[in-house]
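For the record, the sequence lines run as chains A and B. For the first sequence, this note's numbering begins at 1 and goes up steadily by one. For the second sequence, this note's numbering begins at 1 and goes up steadily by one. Read the structure below first, then the notes.
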Amino acid sequence: MPTLERVMVVEDDPDIRDILDMSLGTMGGFTLSLHAEAHSAIDAVADFAPQLIVLDVMLPDMSGPEALPFLKQRLHDKPAVVVFLTATAGTGVREEFMAKGAQVVMFKPFDPVTLPGLLEGVWTQHQTEGTPD
Amino acid sequence: MSASASPAAAPAVTNTPGMSALYQRFCQRLPERVATLQSGWRLWQVSNDGKAPDELVRGLHSLAGAAGLHGLDELTHRARALEQALLAPEARPAAQASDFEALIACLKGLATAP
């Protein structure tokens, strides 16, 4: 089974993006494609071909759920596991975002030390259970 | 929420390798966050429909997320509570002014802390 190597991160806040860079790039050893806006990620996604996408829900140009169909469309036959990242907690939030196409919903604040292992586990689980649409 | 502006508690996660440097960068960017929030607040004060500007709500939302990652629980709570208050249909600047000023004072205190 292939290992998780390429992760796309779409997060508009520079401080949170820096922490994700450190967590997933420096500590996790993944190859990252970092984006502050959805449009930039959509433009880059086909060439980068991420195996997993960490997608912030609240972005300046469009929401994460709005961006997801465009990202999937550009990926064609190279589907990625999608993790929505949100600071909005509450009843039904996870179910709402799962229904909008995420395989996993992750809440802020997350632990930057354990995040790489968590995402590897998510990715491995989805490889075992079947590749997402 | 109290309108007092006590300094934020010391962050809990800055001893994680690499986090200390990122915390310093977070503090260096605080004046930019303050400017964005104050700009959004001024827009809200002169708006006709009473709805809090996206710039202001988004700024509070981002601040809460970033502060939470640095273990700044009090700041996270203040930003999140204000964001929620602003989203209420009956929200008006005058009613939230003391909480907003307390938040700004908290941010300025962190930005100038040694």
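From the three backbone atoms N, C-alpha and C, an ideal C-beta is built for every residue, glycine too. Since we're looking at a predicted model, the values are computed, not measured.
{"query": "Would you check if there are 3 or more beta carbon pairs closer than 8 angstroms linking the segment 7-25 of chain A to the segment 36-55 of chain A?", "result": "yes"}
{"query": "Along chain A, in chain order, which residues have C-beta atoms closer than 7 angstroms to that of Gly-18 of chain B?", "result": "Met-22 and Thr-26"}
{"query": "State the start and end residues of the unbroken alpha helix (DSSP H) segment that holds Thr-112 of chain B.", "result": "93-112"}
{"query": "Alpha carbon to alpha carbon, how far is Cys-27 of chain B from Ala-102 of chain B?", "result": "17 angstroms"}
{"query": "Quick one: measure Cβ to Cβ for Leu-22 of chain B and Leu-37 of chain B, integer angstroms, because I've assumed they're closer than 8 angstroms.", "result": "With 8 angstroms as the limit, Leu-22 of chain B and Leu-37 of chain B do not qualify as a contact, their Cβ atoms being about 21 angstroms apart."}
{"query": "Would the C-beta of Leu-24 of chain A count as close to the ligand ATP, meaning under 8 angstroms from any of its heavy atoms?", "result": "You won't find the ligand ATP in this model; it holds no ligand whatsoever."}
{"query": "With H, G and I counted as helix, E and B as strand and the rest as coil, what does DSSP make of Met-22 of chain A?", "result": "helix"}
{"query": "I'd like the ranges of any alpha helix (DSSP H) spanning at least 4 consecutive residues and lying wholly in the segment 38-100 of chain A.", "result": "38-48, 64-75 and 93-99"}
{"query": "What residue range is occupied by the uninterrupted beta strand (DSSP E) comprising Val-146 of chain A?", "result": "The structure shown has nothing for residue 146 of chain A, since chain A only spans 1 to 133."}
{"query": "Using DSSP with H/G/I as helix, E/B as strand and the rest coil, what is Met-19 of chain B?", "result": "helix"}
{"query": "Whose Cβ in chain A lies nearer than 8 angstroms to the Cβ of Gly-68 of chain B?", "result": "Ala-87, Lys-108 and Pro-109"}
{"query": "Alpha carbon to alpha carbon, how far is Thr-128 of chain A from His-76 of chain A? Give it in angstroms, no decimals.", "result": "21 angstroms"}
{"query": "Excluding sequence positions up to five away, which residues of its chain have a Cβ less than 6 angstroms from the Cβ of Thr-114 of chain A?", "result": "none"}
{"query": "Quick one: give me the first and last residue of the beta strand (DSSP E) that Ser-33 of chain A is part of.", "result": "31-35"}
{"query": "Can you tell me whether Met-106 of chain A is helix, strand or coil according to DSSP?", "result": "strand"}
{"query": "Classify Ala-88 of chain B as helix, strand or coil using the three-state DSSP reduction.", "result": "coil"}
{"query": "Using a Cβ distance threshold of 8 angstroms, determine whether the segment 61-73 of chain A contacts the segment 16-23 of chain A, with at least three qualifying pairs required.", "result": "no"}
{"query": "Quick check on DSSP: helix, strand or coil for Met-1 of chain A?", "result": "coil"}
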